[in-house]
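Student: Quick one: the structure is below, and I'll ask about it shortly.
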Amino acid sequence: MAGDTEGRPPLDCVICFAPYDRLFKVPKLLGCGHTFCLECLAKVTVVAPDAPTLPCPVCRRPTALPRRRGPPALPTCLDLLALLPPGPTGSVRFSRPKGLLYVSPGHPKSPEQVPTVTLSLELGRPDPPDPPSWGWSWTSGRRSLYRAVALTVALTVGGGLVLCGVFLFFLQPVACSEGGAVTNNTWGEPGLPPY
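According to full-length UniProt numbering, the sequence shown holds residues 1 to 195 in order.
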């Protein structure tokens, strides 16, 4: 059993461990001799979109990328391709700005047979922001309720401090100056012994 696979290359991509096929998992040959599926090479290309070369994921040796055509234009490993079952007709195209692989239909036999497949490779790109919600939602309602409560508490505390300041600095000195001396004596009249 081990002798059967000894002379031929593996039928799985060594990055994603998925079996090769004739659509998005086409075995592509790099300049160093290593073979990877087209989908994994497209993901590596999306991470470094402006690079003129593609480093091998195993040995890091650079392979020149055909200008403006990307990984689909790399040579296909014909030894592996001969071992794969037949696939759909058409050619695979690569959109570098979008990070998409898609199938451009070949010449279909009938107009109703136009196979198209689109695969999104969103590796390394952040998710687009959610559009703002103009309607009322539970979380935005709770947020506005918290904001209203905080504003009410702040205004109440601020008003209380202003009233305390007015009392201490304006009303109390006036009340104290109208009468006699204000003492804090609990023993009786000032100047007399406590008995």
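Beta carbons are placed, not taken as given, at the ideal position from N, Cα and C, and that holds for glycine.
Just grab the DSSP bridge partners of residue 29 for me.
Tutor: Partner(s): 35.
Student: Please name the residue in 169, 31, 68, 18 whose C-alpha comes closest to that of residue 76.
Tutor: Considering only alpha carbons, the answer is 31.
Student: Along the chain, where does the alpha helix (DSSP H) containing residue 82 start, and where does it finish?
Tutor: Looking at the DSSP string, the run of the alpha helix (DSSP H) that includes residue 82 is 78 to 83.
Student: Answer yes or no: do residue 201 and residue 74 have a C-beta to C-beta separation smaller than 9 Å?
Tutor: Here the chain has residues from 1 to 195 only, and residue 201 is not among them.
Student: Considering only C-alpha positions, which residue in the set 166, 169, 14 is nearest to residue 59?
Tutor: Out of 166, 169, 14, 14 has the C-alpha closest to the C-alpha of residue 59.
Student: Taking the DSSP output, what are the residues bridged to residue 19?
Tutor: DSSP, once it has assigned bridges, lists 12 as partnering residue 19.
Student: Can you give me the C-alpha to C-alpha distance between residue 53 and residue 85, rounded to a whole angstrom?
Tutor: When rounded, the distance between both Cα atoms is 31 Å.
Student: When you compare only the Cα positions, how much space is there between residue 163 and residue 143?
Tutor: Spanning the two alpha carbons is a distance of roughly 30 Å.
Student: By the 10 Å Cβ neighbour count, where 16 or more other Cβ atoms means buried, how is residue 35 classified, buried or exposed?
Tutor: That one is buried.
Student: Could you name the residues that DSSP lists as bridge partners for residue 54?
Tutor: Looking at the DSSP assignment, residue 54 forms a beta bridge with 63.
Student: Just the C-alpha distance for residue 21 and residue 44, rounded to the nearest angstrom, thanks.
Tutor: Taking the straight line joining both Cα atoms gives about 19 Å.
Student: Rounded to a whole number of angstroms, what is the C-alpha to C-alpha distance between residue 157 and residue 150?
Tutor: C-alpha separation (whole angstroms): 11 Å.
Student: By DSSP, does residue 169 sit in helix, in strand, or in coil?
Tutor: In this structure, residue 169 counts as helix in the three-state DSSP scheme.
Student: Answer with buried or exposed for residue 40, where buried requires no fewer than 16 other C-beta atoms within 10 angstroms of its C-beta.
Tutor: Flag for residue 40 reads buried.
Student: Quick check on residue 75: does DSSP put it in helix, strand or coil?
Tutor: It is coil, neither helix nor strand.
Student: Just how far apart, CA to CA, sit residue 145 and residue 160?
Tutor: Straight-line Cα distance between these residues: approximately 23 Å.
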